[in-house]
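-14 is the number of the first residue of the sequence shown in this note's numbering; add one for each residue after it. Each residue gets a CB set at the ideal place from its N, CA and C atoms; glycine is no exception. Since the structure is predicted, the reported quantities are computational estimates derived from the model, not experimental observations. Just below is one structure, and these are the notes that go with it.
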Amino acid sequence: MASPTDQTSTARHQLETPEQEQGFRRVRQLSPAHARKLGLTRKNVKGRMDLKEDPEERAKRHKELELKPLYKELLYTVKHRMGKPSSPDVFTDSQLHKYMQEAFAMTESEHATLMDKVEKTEPPVYCLKATVKEATGILGKDVSGFSDPYCLLTILEEEEESRTRCSKSKQLKFVVKDVTSDDKIYQTEIQKQTLKPVWNQTFILEFQKTHGATFHLEMWDKDEEVSLSQKLEEIKTNFNSLKRMIKDAKKEKGTDDFLGNIILKLQDLHCTEDSWYHLEPRTETYPDRGQCHLNLKFIHKSRDGTLSAGRSAYINYCGILQQFVQAYISKQKNSAPWKGELGGEAQTLLELYATQNDLSPFLQDLGKWVAYSRLYQSLEVDSSVLLQQLTSIEYHWHQVTLPQQQKGELSDSLHGFLQYGLCLVAKYRDIFPPTPSATPKLHTLLRILAQICKTKAFQELNPANFDLQDEICEALQTGTEDWFTVKKGLHEPMTKDLTEMGSALSRLIVEVQRDIKSNKDVWNRVFFSAMQVDVFTVVYQKFDSLLAQEVMKTLSLMKGHMDLSLSKCLFPIYLNLHGIHKNKAFLQRRGSLKLSNFHEDFREAMPYWLNQAFSTTKDRVERAVQVDQLQPLQTGSELIKHSSSAVDLVSCIQPICQLWEQLSWPDPEESFMLMVKITEDVCKIVGSYCQLLKDRVRVLSENSDHSIAINMLCVVVNDLEHLRTHLSKLPSQLNWEGLRSRLVNVIADSQFNNTLSSQLQQAQSSLSREIRSALDTLGKQLNTDIETYVRSMSTRRRIPSKSSEDAAAPLMRYLEQELQYMNENLVPENFNSLLTPLWNNSVKILYQTANQYSQQEGQMVFCQRLLYTLQCLEQCFHAEGNGLPLKSLHSDEYKTLKTYLEKNSLSSRQLIEKFFQKKTSEQRTYSGEKYGAVTLRASYRSSDQRLRVEVLNAVNLIPMDSNGSSDPFVHLCLEPNHVFPEVEPRVTQIKSCDLNPLFDESFDFLISPEQCQAPGACLVVTVLDHDTLSADDFEGEAFLSLSNVMGVSEGTEEDLSSRPDAAPAQLRLPLMHPKPNDGILKLLESRRGEREAQAFVKKRRQREKQSLEGVQP
């Protein structure tokens, strides 16, 4: 007798199409090692078809033995269908028959014949499989507030249903029991004392037909007879249930309470229902009686067994599903992979068949996995479909126990797919190229393989030790070696010529390098995210071994035959090998690499590469100077101020620098010698260029006028500057610092500098001397003229009648003319070299002039002129970003001069406003209460333009009298005086002998919003100690900016007038003492002809005398 595994394999083989059978046979060829790791125990299948059999005969037999039994099963399913499918589309029997004919390729005669046979079969027993899961929110009928619920289930046919309707009019208690026999009624278990019962009980209810039949579920509360003593005890413990007990006493003892019922028409149900249903009442007393969770399914019992003799419903389901998928894919017009879609007819037929045969969701998902995994190996099936089925199988594996026969099929299916997936992984370069459309497919495939190995099903069904990561790495190595062998054969040279052999090796290395890049940039992300496998490391190490062997073999043949042509052939090989070797930095696992010292085989070709680069560069520079006309280059609309040879020289030197970077010679000592050679060659080329350029200038300027010679001189200076700029980048281009760090323990810094830096410094010094000489000649006359114009503005002692604009105009016109000429003929580096000393000299002269006439009459107007001149010079030298940058212009000397001129250009009133702005700023940042503090409230009422100040108290005042106390009072004044000329100061009452006086006095000031918003507008709060026989002593002062007063807005006057009255805000202001030597007071003091300024200075000087800030403790 065959084992379950043999039966499963035989059944699966029977369901394979003739085309699929050949494809599967190729996939199943496992190596012995794979077979042991996967734990395969397959046996030879008996009755295997002869490979030489005619394909037409094989297809005909497949249809007769496989497809027609499945077709009869579907005809039987449609004939005896029950319930509505879950598909939104509704299909008639004829529509389903038509779809089945197309999917199974049945002719009309075949369909009629099979339909005849189905009509003669025995009908099944119609059943409703009902699972009562749980209920919630049911009524509590017992005294305790709970119930003891149980359910009665039955199906009433049409006659019984009519009796039920009659019985309802008589208000019978047990409606179901009164209309049908007890053997048709099923009862669940009784759940004690709960309002959320859980049953999870399944019942099979038979019926004749769905039309007119109804499913009934009644829920009751089980009541039992209770003794009088128990009733009294319940009354004592739960007095609130007295009313329920009285009602319970009236009814007959032992009678169950009705909790609700559910009545469903069978013809309205779907094939499978899983829902919560409301329990309906018999009366309207308690309409809300909770819900009950039911699972309902229409199934067949005693289904005719002659339709597909010897096959289980599960095997038939797999075959039907596979046939439907093949039919769907064959109808697709595009070549996109199948993503699990099926037509409505197919979904309906599958659902009807699975439901009628009571196939569990687990078996359905298992059948889908088996069918889809087979189709994946022959048709375009999206990998996400398989991943979804694997997830479903894993979920069901923990919930349901699978039959042994299906376990064997699942095991074989998982093993087979793993083998097939490893074959695809080995050929991932061809099957999954590095494109956005292909790499997601590889990622999903790897996820499927990983998910298979992670599933409990695979781990339990596969006793052998199977490490998927090791298998993936082995497949990658095998595939990489096969790929390398194929590419090597494609690039094999036709002859044994050394040059051709080198070219063939170069092409092969380019292919390998491109493949390594794809593995690093594309495939590595896919493999690592899905499998945690570093495919780049695996492939790189394999290529390292293969390339090392191939390179060593080729270069050994070239040893002793090196010449210029052969060295040219080896240079791209070296570069590509170096590019591959640099990728070792990305390896996750470091180890010994066979290509680590590949450079040693190229020492013989190195001198040829260096000499070729130097001679080629020198020839290009000579040709560039010979054709140079020493005129600025014109590139489109943009003028380049150096000549063509300077551009050519830079581009000629660049390949030498690139050669050093390309070589990246690993040996430190040999690298230093290479660097010395390359630096020496560059300096030689620069010196040669300078000499060639001088000779070229001499030739072109022999018959030219002075202006043309000057223009040529400017161009030459620009060429030298261009060369010097690029020459200064040579250490960074050649990465001297990196070489120095490598030579720390090999060569001393002094030797390094003497051999490398000295050569470069000599070349740069020579260029700098030539440039400075020319620039000094051009800039000497400009410095003298600017000094003359600036000093001419300050020679007259009296203030000139002309404006500042007129006074600065001659200097500006001169600078504009001269600087425009230089800007047009010099590169920005040389032009800025002229601008910087000119600007610094101009600032110096302006500062000296301003300080020279600081004590003369009319200083304010004179400083305004100098400030205007400074602003014009700044704009001229900056030239809207085309001249000196603002950072260079705004030097410390410039900032000092500008601050000095701006302050001296202000009027006396503006200075006074600045003074009070400074004081209010100091007040905001002042910390501590060294001299005490004053507390007040200040608010501004916009309705009548009234400023109210409430002086509350003062604290921690310093004692000013001999008795250790003070007699304080507060003086309030609005400043500046020119803003509030008509506002009188206010004074509080005097508080005798009190260092923490309480004033609690209010004062009103009538001021306009414009005055509140004036610059420097503030309230000066002065605390004084009253003395009878002498002047009052100064306790301290505080400054409150009116802009901070509640009710004063920063907006317009209209905003203030429309604002509602603001609530007063309490402020605590620390008292301050003025510090001596205030700069603004000194400036005001120097304006002796202004009475207002002198009066203000006198008042503030008096405060400074009373201040304790300058007194030494």
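| Where does L281 sit, in a helix, a strand or coil, going by DSSP? | Counted from its first residue, the sequence shown places residue 281 at position 296. It is a strand residue.
| task | Within 10 angstroms of the Cβ of S315, are there 16 or more other Cβ atoms? Answer buried if so, exposed if not. | result | On the sequence shown, residue 315 is found 330 positions in, with the first residue counted as 1. Looking at its Cβ environment, which holds fewer than 16 other Cβ atoms inside 10 Å, S315 is exposed.
| query | With a CB to CB cut of under 7 angstroms and the five nearest residues on each side skipped, what residues in its chain are close to E898? | reply | Reading the sequence shown from its first residue, position 913 is the one you call residue 898. Answer for E898: P961, P1000, G1001, listed in chain order.
| field | DSSP-derived helix/strand/coil call for N730 | value | Numbered from its first residue, the sequence shown carries residue 730 at position 745. Looking at N730 - three-state DSSP - the assignment turns out to be coil, as it is neither helix nor strand.
| query | Does the region 102 to 122 come within contact of the region 46 to 63, defined as at least 3 CB pairs closer than 8 angstroms? | reply | Result yes; three or more Cβ-Cβ pairs closer than 8 angstroms.
| heavy atom of the ligand FAD below 7 angstroms from W184 C-beta | For the structure depicted, the ligand FAD is absent and the ligand set is empty, with no information on it obtainable.
| Cβ pair count under 8 angstroms reaching 3, the region 657 to 669 against the region 738 to 749 | yes
| task | Indicate the three-state DSSP secondary structure (helix, strand or coil) for C978 in the structure shown. | result | Counting from 1 along the sequence shown, the entry for residue 978 is found at position 993. C978 falls in the coil class under three-state DSSP.
| message | Does K579 come out as helix, strand or coil in the three-state DSSP assignment? | response | Counting from 1 along the sequence shown, the entry for residue 579 is found at position 594. Residue state, collapsed to three classes: coil.
| By the 10 Å Cβ neighbour count, where 16 or more other Cβ atoms means buried, how is W261 classified, buried or exposed? | Residue numbering aside, residue 261 sits at position 276 when the sequence shown is read from its first letter. It counts as exposed.
| According to the neighbour-count rule (16 or more other Cβ atoms, all chains shown, within 10 Å of its Cβ), is K1090 buried or exposed? | Working through the sequence shown from its first residue, we reach residue 1090 at position 1105. Its Cβ having fewer than 16 others within 10 Å, K1090 is exposed.
| Tell me which same chain residues have a C-beta within less than 7 angstroms of the C-beta of H863, skipping the five on either side of it? | What you label residue 863 is simply residue 878 of the sequence shown in a count that begins at 1. If we look at H863 and ignore the five residues flanking it on each side, its Cβ neighbours are L869, L871, L874.
| Leaving out five residues before and five after P108 in sequence, what residues of the same chain have Cβ atoms less than 7 angstroms from its Cβ? | On the sequence shown, position 123 is the one that residue 108 refers to. These residues qualify, in order along the chain: H65.
| task | Return the CA-CA distance between G917 and R1072, expressed in angstroms with no decimal places. | result | Numbered from its first residue, the sequence shown carries residue 917 at position 932. Numbered from its first residue, the sequence shown carries residue 1072 at position 1087. Distance between the alpha carbons of G917 and R1072 is about 35 angstroms.
| 7 angstroms CB neighbourhood of T195 in its chain, flanking five on each side removed | For the purposes of this step, residue 195 is identified with residue 210 of the sequence shown, where counting begins at 1. Excluding positions up to five away in sequence, the list reads M67, L251, Q252.
| field | Cut-off 8 angstroms between Cβ atoms - residues of its own chain near K976, not counting five sequence neighbours on either side | value | Locating residue 976 in the sequence shown gives position 991, where the first residue counts as 1. Result list for K976: D952, P953, F954, P982, L983, F984, in chain order.
| said: Determine whether the beta carbon atoms of E265 and L281 lie at a separation below 8 angstroms. | reply: Along the sequence shown, one-based indexing puts residue 265 at 280. Along the sequence shown, one-based indexing puts residue 281 at 296. Not in contact: E265 and L281 (Cβ atoms no closer than 8 angstroms).
| Assuming W650 contacts H584 under a Cβ cut-off of 8 angstroms, what Cβ separation, rounded to an integer in Å, is found between them? | Within the sequence shown, numbered from 1, the residue matching residue 650 stands at position 665. Within the sequence shown, numbered from 1, the residue matching residue 584 stands at position 599. About 6 angstroms; that satisfies the 8 angstroms criterion.
| query | Residues bridged to I247 by DSSP? | reply | Start at 1 with the first residue of the sequence shown, and residue 247 comes out as number 262. Its beta-bridge partners are L202.
| said: Is it buried or exposed, Q307, if we count other Cβ atoms within 10 angstroms and call 16 or more buried? | reply: Along the sequence shown, one-based indexing puts residue 307 at 322. Per the 10 Å Cβ criterion, buried.
| said: When you compare the CB positions of I170 and L202, do they come within less than 8 angstroms of one another, or not? | reply: Here residue 170 corresponds to residue number 185 of the sequence shown, with the count starting at 1. Here residue 202 corresponds to residue number 217 of the sequence shown, with the count starting at 1. No, the pair does not count as a contact, with Cβ atoms beyond the cut-off.
| task | Return the residue from the list Y911, D1017, S924 that minimises the CA-CA distance to P1049. | result | For this step, residue 1049 is matched to residue 1064 along the sequence shown. Nearest to P1049 by alpha-carbon distance, out of Y911, D1017, S924, is S924.
| field | Presumed contact (8 angstroms Cβ cut-off) between K603 and S673, rounded CB distance | value | Taking the sequence shown and counting its residues from 1, the one referred to as residue 603 is at position 618. Taking the sequence shown and counting its residues from 1, the one referred to as residue 673 is at position 688. So it is a contact: roughly 7 angstroms between Cβ atoms.
| request: Count the other CB atoms, across all protein chains shown, that sit within 10 Å of the CB of T465; report buried if there are 16 or more and exposed otherwise. | output: Along the sequence shown, one-based indexing puts residue 465 at 480. Burial call: buried.
| request: Mind checking who L956 pairs with in its DSSP beta bridge? | output: Counting from one through the sequence shown, the residue named residue 956 turns up at place 971. Here the sequence assigns His to residue 956, which means Leu is not the residue at that position. Answer is V972, T1007, bridged to H956.
| Nonlocal neighbours in the same chain, by C-beta distance under 6 angstroms from F512, ignoring five residues either side | On the sequence shown, residue 512 is found 527 positions in, with the first residue counted as 1. Around F512: V518, V520.
| said: Under 8 angstroms, with one C-beta from each stretch per pair, do the region 311 to 329 and the region 361 to 379 reach the 3-pair mark? | reply: yes
| Reduced DSSP category for C136 - H, G, I as helix; E, B as strand; rest coil | The residue labelled residue 136 in the question sits at position 151 within the sequence shown. Note: C136 maps to strand in three-state DSSP.
| query | Run through DSSP, which three-state label would E265 get? | reply | Stepping through the sequence shown from its first residue, residue 265 is reached at position 280. The answer is strand: DSSP assigns E265 an E or B state.
| request: Taking only runs that begin and end inside the region 419 to 488, name each unbroken alpha helix (DSSP H) of 4 or more residues, in chain order. | output: 424 to 439, 441 to 446, 453 to 475
| field | Chain-order list of residues whose beta-carbon lies under 7 angstroms from that of H19 (same chain, five-residue window excluded) | value | Translated into positions along the sequence shown, residue 19 becomes position 34. Confidence in H19 is poor, its pLDDT being 42 and thus under 50, which makes the residue's placement unreliable; the coordinate value appears in the next sentence. For H19, where only same-chain residues beyond five positions count, the Cβ hits under 7 angstroms are Q404.
| Tell me the DSSP bridge mates of I625? | The residue labelled residue 625 in the question sits at position 640 within the sequence shown. Answer by DSSP bridge pairing, in chain order: L618.
| field | Burial state of F571, where buried means 16 or more other Cβ atoms lie within 10 Å | value | Within the sequence shown, residue 571 is the residue found at index 586, counting from 1. Result: exposed.
| message | What does the Cβ neighbour count give for V1082, buried or exposed, with the cut at 16 atoms within 10 Å? | response | By 1-based counting over the sequence shown, the position of residue 1082 is 1097. Buried: at least 16 other Cβ atoms inside 10 Å.
| query | Is the region 794 to 813 touching the region 733 to 741, taking contact as three or more C-beta pairs under 8 angstroms? | reply | no
| query | Should the region 494 to 512 be regarded as contacting the region 403 to 423, the criterion being three or more beta carbon pairs within less than 8 angstroms? | reply | yes
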